[in-house]
Structure formats: C-alpha cells, structure tokens
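Residue numbers (the working numbering), protein chains in the order written: chain A, 1 to 418; chain B, 419 to 836; chain C, 837 to 1254.
By construction, the Cβ of each residue, glycine as well, lies at the ideal position given by its N, Cα and C atoms.
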C-alpha cells in the first residue's frame, strides 16, 4: 500500500462512530478485513478480565441539541465527536443553564470540538466548539441522545502472518477512537499496510486491532498461554502527522525491539523516549506481570500536538507521505529484527581460512567488497553465542545488511551455526 | 531547636577542653543530656578494641609559658588550644631556644593559634600565634603543664530513638575536639536537634557522641552484634559554616543513603564527593570488614577552609541559619529514607481499575491531581519487588512525597503490599 | 638497548628477504639470537594447524625484468620488495603488454614500490614504481624469478624470561615482512630490547617471533596446553615511526592489559582504539575460542601512514627516539602489570594502628610522605580481594608506584596478604 492508499483507508474509516464497544468497531473491522483477513472476537458484557469487567455495549443512532426553533445547534450527524462517548440516553427539554454541566468545550481553542468519554461512570454530555456555545442564547433547548447501553460484547480482531518459528511479534493499534484521524486511524492504516507487506517472515506476526486499555487487557486475559510466545511488539499510534518519528522504549529499556528501533532511526531526525506507564497499550503489555519487550512508535506523541483529541485531528492532519515514512521504518525495523540472531563460530580457534572456501573471491565484483570481508571477520570473531548480528553491526559500525549478508555466506560455508 | 538554639549549644560547649578522653568529654555529654537523654559508657584504659588499645585518660588543669617577669605569654586559661592535646606534665625553666621545638605556630596565618595533638606518642607542646612567638624575647621562660595521663576511661554516649523496626540508622559525630566550633560542635548541635525532631520513625535511630577514630573503633568493637542491624548512617562534621553542603558518599558509592542524599540535595547548590579513607569516622564504618552504608555530611569539608584546626574556628565562624539548613537537609533525607521501601503489585497483569476503587475521585480537589494519578501508575508499574519508591521517584521525575503518597493510597486499597 | 641500538638492529635486518617461510626468516632469527637466546622451531610443510595447513617453503635467489639491451629495469638485488612474495619461478620473454597483468604500482605514489604477497594462490609478479613503469618502452623483456616453492618448514622462535610464577605474558611480533622497517623491524627491535631489560619479573614473559597469521595460528595450535597460562599479552607492530602511541584494546575490552596500557598512556598524547578483528596477530589471540587478554601497541597504526606497505617504510622512516619511547612505555606497562595484584586486609575491622608499627615514621624523610600515608589507607580500605592495586591507584588518584610501595610496606608489616 502506498501512502495514498493508506490515506484512503483513513478517510474511509473516519466517519464511523467507534468506541470501546459497539457497531462502529464492528464496521471498522469489516472494512479492514477487505485489506487483510481478520479473525474477529466478541467477548460478552460481564466477562471478567483480570481486574476489569467487560462493560455494556454502547450504540448510538442520533443525538442533538436543538433550539426553540427546532434547529440543531449541536448535531451528532455532523460529527460523532459531539457526543461524549458512552453517553446514556437522554430526551429532555432544559434551559441552557441546566444543560451547561453537560457541555464540554475548549475555551483556548474556540473553534475546535473536544473528544470526551465516560466509559465507567454513567453520564451523558455533548462536546462543541466554544464559538458554538458562545452563540447559544439563554432559553430552552431540546436535548436528545438516542443511544443504548445494553448487554452485548467487546469486539476485537487479529490478523496473523505465520512465520518460520512460532515465537511472535505483536503489532497493536487501538480501534476505539471515533472521528480522530491521526489517533488512531493512521496507526490502523500503517498496521494494515505492514501486514500486507510481510513476506514469509521469520517470526510469526500477530496484528491486534482492539479498543485501548480494556481491549488490551481483554486480549491479555484471554491469551495467557500465548503471552510466553510474544518476544517483541510494537504499539502504533499517532502514525501520520507531519512531525518526526518518536519511539517510546519498552519498560525493560533495553529489549531487542528497543535496540532495533534505535538502530533503524539513528540516521534520521527522531526522538527516543523512556518508558512511562501512560500512553497507549504498551501500558498493559509492559505491566509488571507481563513486562513484554513492547515499545511504541508514533510521530508526534499523544497530547503533544494542539489538535490532539479534538476535531482538528481530521484526515487533513494526516499526510500520505508521513504514513509511508512510518511504514518504511516499521518495515526496516522488522527486517532487522527478523534477521537478528546469534550464531556460533564452528572454527573459533584463530581465524578460519576464508580464501580456500572461495569466500574472498565471492566478493570480487562488489563495490563494498572490503567491508563485506571485514563483516565476515567481525561475524566470525563475535559469534560466540553472546553477540547477535545487531550487536555486531553496532560494534563494528558496518551496516546490518552487510553483517547479515556475511553471516549468511558463513552459514552457507558451514563456518557458523545458529 | 532553631538555628539560634543550636548556636547557643555550640557557644555553651565551646570553652570546654575536650580530647579523646577526660573530664571535658564527660562535661560535654552532661550538657548534651540536658537536651536529649544519653546512655554514657566508660571504657577502661587498656581495653583492647580491634587493633587498638584504649589509651590512658588525659586531664589538664592549667598550663602556661611565663616570661621572666612572671607574665603568662601563653595561657591555657585563655584558650585550651594553647596546649598540644595529650601533653605530658611539664614544669621547667628553659630558654626560648630550648623551648622552640615544643612550640607550634602557623607562620602563614600569624594571628591564629593552631590545634595539635599527640595522642599516641608521649610528648608535650604549646600552640601559639606566630605574632606571639615573634614578640617573645630570648631568655628564660617558666614552662608549666599541669596535666595527668593516668589509668581511666574513654567516654562516649548514645541516644536512641526507637523505630517501628529494629533495623538501625546511626548518626555519628566526634566529640574530641576542644575549642573548635565548626569542627565539631556544629555537628554535635545538628545531631542533637535532629534527635529531638524525630517522631516515631520507621528505622531505629542511634545517635553516637564519641571521640574520633578510637571512639568509633571502640564502639564498633563493643557492638559487633549490633553492626548487622545498621542499615544506613551519616557522619556529621563541619556542619555550620557559611559554605554549601557537601556529601561524601559511602565506600559502596551507591548505598541507599548515598542515593537519598543526592536526591535531597539535587535542587540546591551542593557538592557530592566520592568516598576516600580519610576524613571522619566514616573511615571506620566503611572499613572493608564493615563496609556500612555510611556517608558523611558537611558544609565546607575539613581542611578546605583556612580556619580549619585553628583558633579561627570559633563560634562566630558558625552561622545559626547554616546550622538550621544542615538540620533541614538531614530531616528531609531521613524522611525519604524512612519511607523508601519496595512494594509488590498484587494486580500485576495489566493495570488495575483505579476508578472502581475511588482512587481517581480521591484526587479530585488536589492541585497536583494529574501528577498524583501518574504517581499511582508508576508505583503500580514498577512495584515488582525490584524498585524502591526512591527508584520510582527518580525514574518518573515525580517528587518523592507524591510517590510515597501514591504508594500509601495503593497500599490502603490493597493493590500493593510490602 | 638504547634507541640507537634498536635502530641499528632495524638497519641490520632491513636487507633480508623475509616471508612467511624461508631462509630470510631463519637469518633474521639468527641475528636476533645474538641479542637474546632463542628457541627456534621448524614446522614442516603440510602440518595441519586448526583450519590451516603450513604451506610450502618459499626461497628466492634472484629476480629481474631486463630490457632488450639486457639492462635490469626492475631488480630484486636492489630491493626485495620488487618481487611479489611467494612468486612462483618464471623464466620467459614477453612483451610489456603481456607483462602488465603481473606488474604492481602505486599510481598515486609514483616513486614508491608497493609490497604485495600471494601466499595461498600460486602466482607471480613484480612491484615497481609507477615512474619506472612509465619509462618502460613497449617491446620485449626478459623476465626471470629464480625462486623455489618446495616442501620445507615454517620457522618461528621464542625467547622466555622465567618469572616468579608460571602464568605468562606473551609479547608477539611478526617476522614475515621483507624490507619494511616500521612494519615490523621496529616491533622486533622493541621486543628484543624489552626482553633484554626484564629483570626477575613476576610473570613469565614469552617473546614470540613468528610470521603473521599462519605463524600465530601455528603457535596457538602447537601450544594448546600453554594457552591457559597466558594471562596477558601485547602485539608489537609499527613501533618506531614519528607518530604518537596507539593502543588497540583486546577483544575483551576491559582486560587487565587494556587497563594497564590506558593507565600508562594517560598523561601523554596517545590514542586508544577498540578491538577489531583486523590488524596483526591480536586477531588470532583474540579469536573467540581463545579470547585472550592481548592488545596491540603501535605508533601510527597500519594503513594509516602513506609509507605503509611501500618502499617508503625504510629505516629512515623509523626514529631511534621513538623506538626508545615505545620501549619505555612497554617497560612502564609491564612494571605496573607485574605488581598489579589483589591483597586482603588482615585487620579489616576499622583501621589498624599504623603508628605503633612505625609505618608513619618510616615516611618521615619522604617528600611525598602525606601521599604515601594516604596510599596506605587506600590499600587497607580497598584490599578486600576485589580491588587490585591498579584499581586502587585509579580510584584514589595516587600514582601506582606509591600505591604499590604502600602495599609492600603493609605486606611487610603483615597487615595485608595476597
């Protein structure tokens, strides 16, 4: 998928009213499944997942605030951000003063509509531009939220790319945000494109499309036996804005995924931040009981751009070329991760004689013949079972691809084994 | 005790002629016991303490050098610094030339009287200003030291503040210096004020008032069974001059006390120096056989101010506000140390749901509600038995008090245990 | 040996045509044995040494390219660099165009003759100045290489200085380069001078004079049982040019030899580079199966000076004072290494009383008495079996000699033991 393709997916998913449960999520997953096959799971309301309980399912058909003339001053049909997610149904007539406690605005960004939720405390509310509120006269308004909070299910989906080994890499993105493009339709689009591009990988790659927090906790609770197989992971969020890439390390801080991302990002403008227990679902994967090697890749991280969690985070805020750039870094990172293995030199006493095996000749025509030869010496010297190919690339300063190529040639010559 | 109160104690103790043994030490401890109760110990001359032997007890009533007219040119009654500590008795008439080998001056600080000792080599001598010496005519002088070196005892004292646990923190200060204010009446005064201010601490705090070197060695030799209980310690010396605070690390270099002091001092002008086996009684506590987590807190360290070990180190050299400042840092440090514990998250798989336990609501009215909530997430995330609350404060950048408060709330909610 | 003496040895060895085998090596070792006794070993052609086989022995009597008038345009008698080492015998008449594939020049250094070898691929060739080649007219040339490639032996030699313990330090230098002075007659000369200067050392020192790569591999293969005794080592190469000293660390990176060289070099202009599996025989000693604590000392490292592997690397390129300087650093390094041991404080509880043992008095007359006393306190404090004297010197900032002297005094006083 090109950047334009990914941007098309973002635009297509944008209008749907997603939340942590409900039909907006189901429709989102249906659209994704047009790109990559999905296994979709429905977890019933009331299911206990660790310390949490799957909540009631929320669905909404319409909502508005209408003035005395019947004009919809605030209208869910224009933007699903106008309703606080998980709002209970309401049908009432009330004065502006009675309504005010239920209205959310951004006084410092008066033309933008904020995004608000109230998942676990039953409540209702509307989000609107401060400018809209300022224009509302005193007097009575008709207030309607045509929503349901019923027994139902939490919906999430997986797409698996089988690898040569059963050890897994998870790529996770949250699907619970309604009309917000960078957060996180961009992450979803990059994940989909990444899933499409994997070709017979070493690891098994599991792509997770699920609501934030409760979704990740639900997945972890239902996959306790699989978690031991998860060796690496990446949470994708805010993946398409114009900022440079930011990698947030896993809780371990020196997990292989942390080192791979630092390696892949080293030659471009980027930022690497330490783990903190706030952000996206790395919080759950990196909770102390799991402590997985899962980091998070974003462009501008959450809450660091003014459009964050507002109607300003629309498809125009996401750039096709930045989606493509995020995708490219993910592909590079997984390409390194997939080849980063430890070998053991089978001829560890002194150097083996490369010449008699034709390993020098084989480099004859290459412009990087000298570096390729040096890479062989480095791989032989450090292949003691302690150093991975990424260690060797970092220590030698030779590009990972050259090191991996040398390892492959030495492996073919039976000078090293895994 | 205020800075002024501590300064009053310094002035009150200043005139006494202290040494490593003798009545000056006993009188000093009597005065201290008016502020905090003391257990005083007398260890007889000849007692073997590790590689050392408790020496004879030294007492002195009078000493002078008088000129031919009978005028006291150098007079112990004016300052006890005039006599080399542990001087043997002398009663003689001698010429200035015969006397010279027994006279100690500071040619480069001609108006100051030096402080000298000769504990373990029997000798006698006088200390005087170079200016005084320059004014002494040739000719005969009457020389008298009315001292005794007899079987007796070494005297030291302890004040214990019982804690909730039997593990101990020791606070040690040397009591062997005569009329020198910063070194170490200031340390004594801060220790006394600190002892008074402790209120039901976690650790048991043991304050040690004892002569330098031989006193600490004696205490260690007599408390071999207690040393295992000593988890942390601080030696207080030179605690009242106008310089900024200097913390000297324990031999371990990363003991908890080292980290606590670095943490408490981080936002103010200060210096942290590595351990060296020279200084005060941290030398003994950090000898390799003990290797205790004991550091040393001073303002300007020994030998780094011109008044050090001279008559210039008088009560005017010590400032009430600096005594108060040293005390305040000690109190902060022990407040952190007392609360710095490791917890284990009882709900380590994903985040527990804080909302249903009212842990978010409880923060409602606080100005730092967001930080307090973040502190809970950090404590939950890092409470794996490996990270202490100080680790968490350092890693999160959240103030220790907020972290400790979060831990307390989580402990009350039974989400973590010790 | 003085710098001048070493330079004399360089000049004396310079004309010989050395290679990885042959009479030039034997003659070289004979000359060395006039300075230090050698045990010389002959390893027959065909002997398997790890992954390698000792090759046929190469000898050469004469070689030239003569023009139609019979004038020798390129003449082995002028410089043995003119023949590619291990050239097979040739006797032919050919045109310049036919000859060209066998001619090696340095177009960018037109007046210099390059150094080339073809040990493991049978071939022949001449090396000459680009200027010479440019002056050669088209037409026919008589080409003669009067060499032999026969069953024979690989020759290497050892000189051993017995130590007080059987643990060994190896000093290795390659003997396979023909008329190249810095690389490596300078290394040979420094090794010889170093061997002469050792006087009853602690370690057993084994000096190895052997061809590069195949020589080191042969030695390792024949000394498998001895390798366990090798605790430290140094490869000497390019030891006499005008550049500053460069130390290349062992593969371990923190071996004692690495720390010793860093310590000895710290106060002078120098460079320390990380290990890489390219260079001299540290490659073999540091192969993963051995991973010995062997570093390499050079002045300007190989390939970093324009004269490298050319006729410009002649005796004038090597300076007597630089040979002396390299020697001096080696001597200092081995002096530290030989004394760098771990002690255990026999009186570890508090400080022992130095005064009663006369350990203070013994310092009376020394200008560094205060530092020497401090050194005793440091040695006592850190002698817990974990810290070596070099550790103590580094941590205290006190010169190693002073620390070692303090350890010696404390050992004599039975306060520490090894």
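{"Check": "So residue 383(A) contacts chain C; which residues on that side make the cut at Cβ distance below 8 Å?", "Outcome": "1124"}
{"Check": "Use the C-beta contact count for residue 515(B): other C-beta atoms within 10 angstroms, 16 or more gives buried, fewer gives exposed.", "Outcome": "exposed"}
{"Check": "Grab the span of the alpha helix (DSSP H) containing residue 424(B) for me, first residue to last.", "Outcome": "421-431"}
{"Check": "Quick check on residue 542(B) - is its C-beta less than 8 Å from some C-beta in chain C?", "Outcome": "no"}
{"Check": "Which of the three DSSP states is assigned to residue 309(A) in this structure?", "Outcome": "coil"}
{"Check": "Is the beta carbon of residue 994(C) closer than 8 Å to that of residue 874(C)?", "Outcome": "yes"}
{"Check": "Closer than 9 Å between beta carbons: that is the criterion. Which residues of the segment 1161-1188 of chain C meet it against chain B?", "Outcome": "1180, 1181, 1183, 1184, 1185, 1186, 1187 and 1188"}
{"Check": "When you compare each of 1196(C), 1103(C) and 881(C) to residue 1165(C) by their alpha carbons, which one comes out closest?", "Outcome": "1103(C)"}
{"Check": "In whole angstroms, what is the alpha-carbon distance linking residue 1105(C) and residue 1081(C)?", "Outcome": "7 Å"}
{"Check": "Just mark residue 548(B) as buried or exposed, buried being the case when its beta carbon has 16 or more other beta carbons within 10 Å.", "Outcome": "buried"}
{"Check": "Rounded to the nearest angstrom, what separates residue 222(A) and residue 58(A) at their Cα positions?", "Outcome": "22 Å"}
{"Check": "Can you pull the chain A neighbours of residue 434(B), defined as C-beta to C-beta under 8 Å?", "Outcome": "Here the premise fails: no neighbours, minimum Cβ distance about 55 Å."}
{"Check": "Quick check: residue 1138(C) and residue 1015(C), are their CB atoms within less than 8 Å of each other?", "Outcome": "no"}
{"Check": "Taking only beta-carbon positions, decide if residue 421(A) is within less than 8 Å of chain C.", "Outcome": "With chain A covering only 1 through 418, there is no way to say anything about residue 421(A)."}
{"Check": "Are residue 572(B) and residue 472(B) touching if we call contact CB-CB under 8 Å?", "Outcome": "yes"}
{"Check": "Taking 8 Å as the threshold, find out whether the segment 967-983 of chain C comes into contact with the segment 894-906 of chain C through three or more Cβ pairs.", "Outcome": "yes"}
{"Check": "Compare the C-alpha of residue 856(C) against each of 944(C), 938(C), 1045(C) and 1000(C) and name the closest.", "Outcome": "1045(C)"}
{"Check": "What residue range is occupied by the uninterrupted beta strand (DSSP E) comprising residue 210(A)?", "Outcome": "204-210"}
{"Check": "Would you please state the rounded distance, in angstroms, between the beta carbons of residue 317(A) and residue 184(A)? I believe it to be under 8 Å.", "Outcome": "The pair is not a contact, with the Cβ atoms about 12 Å apart (cut-off 8 Å)."}
{"Check": "Please confirm whether residue 236(A) and residue 173(A) have their CB atoms less than 8 Å apart.", "Outcome": "yes"}
{"Check": "Just checking my contact of residue 90(A) with residue 128(A) at CB under 8 Å: how many whole Å lie between their CB atoms?", "Outcome": "About 15 Å separates the two Cβ atoms, so there is no contact after all."}
{"Check": "Listed from N- to C-terminal order along the chain, which residues in the segment 1030-1042 of chain C have their beta-carbon within a distance smaller than 9 Å of any beta-carbon of chain B?", "Outcome": "none"}
{"Check": "Exposed or buried, residue 1184(C), counting other C-beta atoms within 10 Å across all chains shown (16 or more means buried)?", "Outcome": "buried"}
{"Check": "Would DSSP call residue 496(B) helix, strand or coil?", "Outcome": "coil"}
{"Check": "Can you list the residues of chain B that residue 251(A) reaches, using a CB-CB cut of under 8 Å?", "Outcome": "799"}
{"Check": "Grab me the residues of residue 24(A)'s own chain with a C-beta within less than 6 Å of its C-beta, minus the 5 sequence neighbours each way, in chain order.", "Outcome": "16, 17 and 18"}
{"Check": "I need the boundaries of the alpha helix (DSSP H) containing residue 738(B), first residue and last residue.", "Outcome": "738-757"}
{"Check": "Anyone know if the C-beta pair for residue 500(B) and residue 741(B) falls short of 8 Å?", "Outcome": "no"}
{"Check": "Any beta carbon from chain F within less than 8 Å of residue 844(C)'s own beta carbon?", "Outcome": "This model lacks chain F altogether; the protein chains it does include are A, B and C."}
{"Check": "Hey, residue 651(B) and residue 710(B): beta-carbon distance below 8 Å or not?", "Outcome": "yes"}
{"Check": "If you measure from the beta carbon of residue 20(A) to each beta carbon in chain B, is any gap under 8 Å?", "Outcome": "no"}
{"Check": "Hey, how far is the Cα of residue 988(C) from the Cα of residue 912(C)?", "Outcome": "23 Å"}
{"Check": "What separation, rounded to the nearest whole angstrom, lies between the Cα atoms of residue 823(B) and residue 792(B)?", "Outcome": "12 Å"}
{"Check": "For a test of the three-state rule: what should DSSP assign to residue 1151(C), helix, strand or coil?", "Outcome": "helix"}
{"Check": "Ends of the alpha helix (DSSP H) at residue 1247(C)?", "Outcome": "1236-1248"}
{"Check": "With three or more beta-carbon pairs closer than 8 Å as the criterion, would you say the segment 1112-1122 of chain C touches the segment 1079-1096 of chain C?", "Outcome": "yes"}
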